[in-house]
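This note's numbering puts the first residue of the sequence shown at 160, with every later residue one more than the last. Even for Gly, the Cβ is constructed at its ideal location relative to N, Cα and C.
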Amino acid sequence: MTLDKLSSSLTGAIKKLFKAGVVDEAAVKELVRDIQRALLQSDVNVQLVLQISKNIEERALKEKVPPGVSRREHVIKVVYEELTRFIGDKPVPLKVEPGKKKTIMLVGIQGSGKTTQASKLARYFQKRGLKVGLIAADTFRPGAYAQLQQLAARINVPIYGDAKAKDPVKVAKEGFKQFMDRDLIIVDTAGRHKEEKDLIKEMKDIEKGINPNEIIMVIDGTIGQQALAQAKTFHEATPIGAIIVTKLDGSSRGGGALSAVAATGAPIKFIGTGEKIEDLEAFVPSRFVGRLLGMGDLETLLEKVHDAEIKVPPKKAKEILSGNFTLTDMYEQFAAVKNMGPFSKVMKMLPGMSQQNIPDEMLNNAEGRLDTWQIIIQSMTPAEKENPKILNSSRARRIARGSGTTEKDVKELLKQYVMMRKMLKMFKRKKRLPFGLGGGKGMPPMGY
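This is the structure in structure tokens:
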């Protein structure tokens, strides 16, 4: 069962409890059976499922309900807490501070996505104002250096490596010397199988050579319970301090991997949620379970808004609030909205929205509309972008032909532009400035 289906099954079990006339022992046991079925189908270990089920049932039936809370609400709280506990309980953040150099070494099985995760980690900390350096110490896989080099160039992060090098320990040491001025050094190593003794030895040698502050194992979230054996084998070779679980988008069977990894005792610190370089999240068990149960995740959503902010110079901010909001500014807003990720993911972070069964077609149409509007703006002249008032019917026809759209699409865009412009003026009148236009760090996307 995929994560999307697991979420749907768990949400369905909660809905059934809400609809029950009375929350008695029979209703609780039915809820537990539904949860058991959902977890087992998601490849969670049988013994772990039985333990979770036992804990939920005992607490739901025996704990005293706090004052002011209904039994129904208490049971749901118990489910939330027990599911959170089994995948990590409290978050364990990866702390990196400016001026205090930290080295991270990535290890894992071939094909787990280490090289991609190295660039994602670099981007994650780069966005938080830290200086990052990447070391390509995978001298085993052909093209590994070229891949990391290409990814690093996209985010403008320096990389050290040598496509012809044969000694990964030497590469790691030299890279370490090159990046003495960096806040964070991320070392990408060769993928290996747990039975490949030579490569396991190489991993140990690299560790001794650079003495990293932390070793992070990258695990493919689609492999299910096999993750447990992998994590244990690597942990015996080098002290695994944390884990990144990749490919935890809605289509993966991530339940088994998450539960298996949690059983090793090494905390999951990040999860990869998509293919884009921005698709990496700090793992907070309570937020993750909240999304699975349809309760939303506003904190992660706010972080995505913050990451998508458009940095607006003070002079430009004053112009925008005075009414000089151009189609170029609007284009940047659309780009920021899209940077937050697919609408389907964003909607699931809003409390209750994942329970609304919003058709995928509707979400895809919304994303498609932003794409269309961006193409339309790209087809305009600089004068038209800066002064939309000059857009008459003949210009609209030309823009529609040039962008492969219709005049109706162009008019719809202009209507949206007028609405956004009015909204900004309203902020000024009420003296409540949008974040970023009155001393904040940036300008969050305003929607469409």
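Exercise. What's the C-alpha gap between leucine 572 and alanine 305?
Worked result: For the purposes of this step, residue 572 is identified with residue 413 of the sequence shown, where counting begins at 1. For the purposes of this step, residue 305 is identified with residue 146 of the sequence shown, where counting begins at 1. Each residue's Cα considered, the two are about 42 angstroms apart.
Problem set entry | Segments of 3+ residues assigned as beta strand (DSSP E) that fall wholly inside the segment 250-290 | For the segment 250-290, whole beta strand (DSSP E) runs of length 3 or above, ordered along the chain, are 261-266.
Exercise. Which residues does DSSP pair with leucine 343 in a beta bridge?
Worked result: Here residue 343 refers to the residue found at position 184 of the sequence shown. BP columns for leucine 343 point to Lys261, Val291.
For this session: With DSSP as the reference, please indicate the residues paired to glycine 431 in a beta bridge.
Result: Taking the sequence shown and counting its residues from 1, one reaches residue 431 at position 272. In the DSSP output, where bridge partners are listed per residue, glycine 431 has Leu439.
Exercise. Does DSSP put isoleucine 235 in a helix, in a strand, or in coil?
Worked result: As a position in the sequence shown, residue 235 is number 76, starting the count at 1. Here DSSP, grouped into helix, strand and coil, assigns isoleucine 235 to helix.
Exercise. Taking the continuous beta strand (DSSP E) assigned at methionine 376, which residues delimit it?
Worked result: The residue given as residue 376 occupies position 217 in the sequence shown. That run of the beta strand (DSSP E) goes 373-379.
Exercise. Applying the criterion that 16 or more other CB atoms from any shown protein chain within 10 Å of the CB defines a buried residue, is serine 418 buried or exposed?
Worked result: For this step, residue 418 is matched to residue 259 along the sequence shown. So serine 418 counts as buried.
Exercise. In terms of residue numbering, what span does the alpha helix (DSSP H) encompassing valine 448 cover?
Worked result: Indexing the sequence shown from 1 puts residue 448 at position 289. Annotation: the continuous alpha helix (DSSP H) that includes valine 448 extends over 444-451.
For this session: Give the range of the alpha helix (DSSP H) segment to which isoleucine 369 is assigned.
Result: Here residue 369 refers to the residue found at position 210 when the sequence shown is read from its first residue. In the DSSP assignment, isoleucine 369 falls within the unbroken alpha helix (DSSP H) covering 356-369.
Exercise. Any idea if valine 577 is buried or exposed, counting beta-carbon neighbours within 10 angstroms, 16 or more meaning buried?
Worked result: Along the sequence shown, one-based indexing puts residue 577 at 418. In the assembly as shown, valine 577 is an exposed residue. Its beta-carbon has fewer than 16 other beta-carbons within 10 Å.
For this session: Assuming leucine 529 contacts isoleucine 436 (C-beta within less than 8 angstroms), just tell me the rounded distance between them.
Result: For the purposes of this step, residue 529 is taken as residue 370 along the sequence shown, with counting starting at 1. For the purposes of this step, residue 436 is taken as residue 277 along the sequence shown, with counting starting at 1. Not quite, the Cβ-Cβ distance comes to about 20 angstroms (not below 8 angstroms), so this is no contact.
Exercise. For glutamine 200, which of Ala179, Arg230, Val234, Leu162 has the nearest alpha-carbon?
Worked result: Position 41 of the sequence shown, counted from the first residue, corresponds to residue 200. Sorting Ala179, Arg230, Val234, Leu162 by C-alpha distance to the C-alpha of glutamine 200 places Leu162 at the top.
Exercise. In this structure, does DSSP put threonine 405 in helix, strand or coil?
Worked result: For the purposes of this step, residue 405 is taken as the residue at position 246 of the sequence shown. Threonine 405 falls in the strand class under three-state DSSP.
Exercise. When burial is assigned at 16 or more other CB atoms within 10 Å of the CB, is threonine 487 buried or exposed?
Worked result: If you number the sequence shown from 1, residue 487 lands on position 328. Here threonine 487 is exposed, its C-beta having fewer than 16 other C-beta atoms within 10 Å.
Exercise. Considering only the beta carbon of each residue, do glycine 350 and isoleucine 268 sit closer than 8 angstroms?
Worked result: Taking the first residue of the sequence shown as 1, we reach residue 350 at position 191. Taking the first residue of the sequence shown as 1, we reach residue 268 at position 109. For glycine 350 and isoleucine 268, yes; Cβs fall inside 8 angstroms.
Exercise. Per DSSP, tyrosine 319 is paired with what?
Worked result: Residue numbering aside, residue 319 sits at position 160 when the sequence shown is read from its first letter. Ile294, per the DSSP bridge assignment.
Problem set entry | Cβ-Cβ separation, lysine 290 to aspartate 364 (assumed contact under 8 angstroms), whole Å | Numbered from its first residue, the sequence shown carries residue 364 at position 205. Numbered from its first residue, the sequence shown carries residue 290 at position 131. Cβ atoms of aspartate 364 and lysine 290 stay farther apart than 8 angstroms, at about 27 angstroms.
Exercise. Where does glycine 511 sit, in a helix, a strand or coil, going by DSSP?
Worked result: Working through the sequence shown from its first residue, we reach residue 511 at position 352. Summary for glycine 511: the model assigns pLDDT 49, below 50, so the residue's position carries little reliability, and this model does not support an answer.
Exercise. Just to confirm, are glycine 433 and aspartate 408 a CB contact at a threshold of 8 angstroms?
Worked result: Your numbering for residue 433 matches position 274 in the sequence shown. Your numbering for residue 408 matches position 249 in the sequence shown. Yes; because the gap between Cβ atoms is below 8 angstroms, this pair is in contact.
Exercise. DSSP three-state call for leucine 457: helix, strand or coil?
Worked result: Working through the sequence shown from its first residue, we reach residue 457 at position 298. A caution first: leucine 457 carries a pLDDT of 42, below 50, which makes its placement in the model unreliable, though a value can still be read off. In the structure shown, leucine 457 falls within a helical segment according to DSSP collapsed to helix, strand and coil.
For this session: Report the rounded CA-to-CA distance for arginine 101 versus lysine 286, giving the unit in angstroms.
Result: The chain is shown from 160 up to 607; residue 101 falls before or after that span and cannot be answered.
For this session: Have a look at aspartate 193 and glutamate 222 and give me their C-alpha separation to the nearest angstrom.
Result: In the sequence shown, counting from the first residue as 1, residue 193 sits at position 34. In the sequence shown, counting from the first residue as 1, residue 222 sits at position 63. Aspartate 193 and glutamate 222 have their C-alpha atoms roughly 21 angstroms apart.
Problem set entry | First through last residue of the alpha helix (DSSP H) which encompasses alanine 390 | As a position in the sequence shown, residue 390 is number 231, starting the count at 1. Looking at the DSSP string, the run of the alpha helix (DSSP H) that includes alanine 390 is 385-396.
Exercise. Between the beta-carbon of aspartate 321 and the beta-carbon of valine 330, is there less than 8 angstroms?
Worked result: By one-based count along the sequence shown, residue 321 stands at place 162. By one-based count along the sequence shown, residue 330 stands at place 171. By the CB criterion at 8 angstroms, aspartate 321 and valine 330 fall inside the cutoff.
Exercise. Measuring CB to CB, does lysine 406 end up less than 8 angstroms from glycine 431?
Worked result: Working through the sequence shown from its first residue, we reach residue 406 at position 247. Working through the sequence shown from its first residue, we reach residue 431 at position 272. At a Cβ-Cβ threshold of 8 angstroms, lysine 406 and glycine 431 count as neighbours.
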